[in-house]
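Q: The structure's right below; bear with me while I get my questions together.
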Ligand SMILES: [Zn+2]
């Protein structure tokens, strides 16, 4: 009797379910959806709170220990048809550059150290929209409407035409002080920058890194395409004839020290100083000099600032 009652009850329930199968199915799906999504978000919250921080720190540590590739590392071993089509970058010594440009003695003497009159109307007042102070970094890519004219230092070696006079003045002063400067790659076009950057990412990925990690490491060593001062012709990479690779040791050479001390007199700053990586996101580059104009360069250098800090102080000062 009891068994019969149970059987009838189960049959009734089953029949009920079968006739309402769609409604129950959607109910079950809804319940499943909520359970799954809440367990995901719970897990996410827990991970963010506890595990993510040490993981990120560990990853950063791992990435920091990866040897840095420079441009030379990704030039070897490639059939360089890709880069051959681009204008290659010349390297010229000071003597070669100055010889060709008919430097008239006395012509640039007036622009020598201390001559801060040029381009500055009100001493100590800087305009945030001054082209010389344009901030280019990972957070501030080159504005799409940025235009400038290229001027020739020598051969295919070019920079913003407006800074040529100060470039030559600095080179002449360096020569006078017996410095054997060598300028390389002042202006890089976007294609070349992009090719080198992508090669570095590939090289890191071949060592087993994920794309994201490879991108992070590559962007520590070179500027991310679209975020380089070289592309707007305001940066010079300068080394010396006795030390002609772009490595940190250049900072200890006579020429490296001369540039760090005197380049500001001609409107240049050491753009990526030591111990300021946390601001610039770029490792110390004792060879990379950025034109900002003489007056700003003096203020930035004398105060041991970065361009980021200087621009920030201008923004703060203008109340913007
Ligand atoms: Zn550079």
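Residue numbers (my numbering): 137 to 456. Glycine included, every Cβ here is placed at the ideal spot set by N, Cα and C. The model shown is predicted, which means the values in this text are computed figures rather than measured ones.
Does DSSP put residue 324 in a helix, a strand or coil?
A: It is coil, neither helix nor strand.
Q: If you count every other CB in all the chains shown that lies within 10 Å of the CB of residue 424, and 16 or more means buried, which is it?
A: So residue 424 ends up on the buried side.
Q: Measuring straight from C-alpha to C-alpha, what distance separates residue 233 and residue 290?
A: Computed Cα separation, rounded: 6 Å.
Q: Run through DSSP, which three-state label would residue 354 get?
A: Correct three-state label for residue 354: helix.
Q: Under a Cβ-count criterion, where at least 16 other Cβ atoms within 10 Å of its own Cβ denotes burial, should residue 276 be classed as buried or exposed?
A: It is exposed - the Cβ of residue 276 has fewer than 16 other Cβ atoms within 10 Å.
Q: Ignore the nearest five residues each way along the sequence and tell me which others in residue 235's own chain have a CB closer than 8 Å to its CB.
A: Excluding sequence neighbours, residue 235 sits near nothing in its chain.
Q: For residue 376, which beta-bridge partners are listed by DSSP?
A: DSSP, once it has assigned bridges, lists 317, 379 as partnering residue 376.
Q: Does DSSP classify residue 342 as helix, strand or coil?
A: It is helical.
Q: Apply the 10 Å Cβ neighbour rule to residue 419 and answer buried if 16 or more other Cβ atoms are within range, or exposed otherwise.
A: Residue 419 is exposed by the Cβ-count criterion.
Q: Would you list the one or two residues that DSSP bridges to residue 371?
A: Bridge partners of residue 371: 426.
Q: Is any non-hydrogen atom of ligand 1 found closer than 7 Å to the C-beta of residue 371, if you look at the structure I gave you?
A: Residue 371 Cβ: within cutoff of ligand 1.
Q: Give the DSSP-derived three-state secondary structure of residue 296 in the structure shown.
A: Here residue 296 sits in strand by DSSP.
Q: What span of residues does the alpha helix (DSSP H) with residue 453 cover, start to end?
A: Residue 453 -> alpha helix (DSSP H) spans 443-454.
Q: Does the beta-carbon of residue 398, which I'm using as the reference point, lie nearer than 7 Å to any heavy atom of ligand 1?
A: Not under cutoff, so the answer is no.
Q: Check residue 415 in the structure and name its three-state DSSP category.
A: Three-state DSSP puts residue 415 in a helix.
Q: With DSSP as the reference, label residue 364 as helix, strand or coil.
A: In the structure shown, residue 364 sits in coil (DSSP, three-state: anything other than H, G, I, E or B).
Q: Spell out the partners DSSP gives residue 290 in its beta bridges.
A: Paired residues: 293.
Q: What number of angstroms, rounded off, separates the C-alpha of residue 288 from the C-alpha of residue 281?
A: C-alpha separation (whole angstroms): 22 Å.
Q: Quick one: residues in its chain with C-beta nearer than 7 Å to the C-beta of residue 279, no 5 flanking neighbours on either side, listed in chain order?
A: Here the set comprises nothing.
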